[in-house]
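To start, the structure under review is shown below, and the notes come after it.
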Amino acid sequence: MHPLLPMTDNLQTTRYKQCVHCLEQKPETDFLRRTGRRSGTGSRRGACRTCRKQRGRITPAVMLHAADADQSAGKPAAPISVPELAAAESVSQASVTAAVPTVASEPAIATAPAAPKRPRPLKSSARGAGGSGKPRPRPLPANYSPSDVSLLRTTRKGTVWMRGKTDKGRRWHQEIELELAVTLVNERAAVIVNRTTIRRLFSNKDFRSYILTRDNYTCHFCGQYGDTIDHMLPRAKGGHTTPDNCVCACNECNQSKADKDIEDFMREL
1 MHPLLPMTDN LQTTRYKQCV HCLEQKPETD FLRRTGRRSG TGSRRGACRT
51 CRKQRGRITP AVMLHAADAD QSAGKPAAPI SVPELAAAES VSQASVTAAV
101 PTVASEPAIA TAPAAPKRPR PLKSSARGAG GSGKPRPRPL PANYSPSDVS
151 LLRTTRKGTV WMRGKTDKGR RWHQEIELEL AVTLVNERAA VIVNRTTIRR
201 LFSNKDFRSY ILTRDNYTCH FCGQYGDTID HMLPRAKGGH TTPDNCVCAC
251 NECNQSKADK DIEDFMREL
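Everything in the sequence shown is counted per UniProt numbering, starting at 1 for the first residue and increasing by one.
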């Protein structure tokens, strides 16, 4: 480290130090304070403010190129002045600018075309009916009948999916036994969607309207006006709410029949 060189005049106010790069005497305030083991009251670093700013703009490639040129010529590395640094920076920028068209003009290396990506299967195609997450059943034949119960198969749980809509149009689904699914299809209350799913044809409100309209609001037992629905095979004995098992009935006959079989009730009339 170069010793501090005091000036003869104004010694108490300003102290100067020689820069290790430009070799010029600069005020001590232009140099950064040292830190660590070499720190002290008057300890400063060797580069002045101007050289630090200038060196920050020069790329390391320019500095290495200049050092290699000096070593190849057998000359000791001499400090570079500020004008020389500016000139070196302009030369490096010009060389980089001139090298860009050369690189761009070189023919591109032919690369092998990338292998086409395999399309990912849709998540919906891998899910079974009702969102169970199981593979879909085998598709039905092209000329299948929606009422052919021989096509029905159970899922791994041993059940069949049944779906439909409420009176407000909201969709629902549930699991039922295969025997019940066959009965609903045979009695025209549902149709087959796929091998493991059936669909109810009527909501509660639509079913009532369908039965009353079909029977022309006429009681099936007495022939009078009727606006209620009665099960010919009572639900207590295994009957279901299907078009084949339900008829229009008046309120009196509906209350009198209750859970009797239709043959027994007709004999009582």
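Glycine residues also receive a C-beta, built at the ideal position from the N, C-alpha and C atoms. Predicted model only: the values in this text are computed from it and were never measured.
Supposed close pair residue i, residue j - CB separation, criterion 8 Å
i: C246; j: G226; result: The Cβ separation is near 12 Å, so there is no contact.
i: I262; j: C248; result: At roughly 14 Å, the Cβ-Cβ gap does not stay under 8 Å, so I262 and C248 are not in contact.
i: M162; j: A190; result: 7 Å
i: V185; j: V149; result: 5 Å
i: R45; j: R34; result: 6 Å
i: L180; j: T154; result: With 8 Å as the limit, L180 and T154 do not qualify as a contact, their Cβ atoms being about 12 Å apart.
Beta-carbon gap between residue i and residue j smaller than 7 Å
i: K165; j: S203; result: yes
i: C253; j: F207; result: no
i: K17; j: E24; result: no
i: A236; j: D264; result: no
Any chain B beta carbon closer than 7 Å to residue i
i: L140; result: Given the protein chain composition of this structure (a single chain), no chain B is represented.
Nearest residue (CA-CA) to residue i, options the options
i: I198; options: L151, K157 and L212; result: L151
i: S145; options: R120, R170, R188 and K205; result: R188
i: I176; options: S256, T159 and T213; result: T159
i: residue 275; options: S147, K157, P141 and L201; result: This structure leaves residue 275 out entirely; the chain is present only between 1 and 269.
i: R52; options: V20, T14, R170 and I211; result: V20
i: P243; options: P119, R55 and R214; result: R214
i: S43; options: R15, G56 and T196; result: R15
i: G169; options: T155, P116, D264 and K205; result: K205
i: P141; options: E179, R195 and G239; result: R195
i: D30; options: S39, K157, A47 and C22; result: A47
i: H240; options: L212, R55 and V182; result: V182
i: C22; options: T50, G40 and H173; result: T50
i: K157; options: N143, S147 and Q174; result: Q174
i: P234; options: Q224, T13, W172 and S256; result: S256
Residue i: CB within 6 Å of a non-hydrogen atom of the ligand MN
i: H21; result: Absence of the ligand MN from the depicted structure is noted, as is the absence of any ligand whatsoever, leaving it without description.
Q.
Please give me, in chain order, every unbroken run of the beta strand (DSSP E) with length at least 3 that falls completely inside the stretch 230–267.
A. 246–249
Q. Enumerated in chain order, which unbroken segments of the beta strand (DSSP E) with a length of 3 residues or greater are wholly contained in the stretch 154–220?
A. 160–165, 171–176, 190–194 and 197–200
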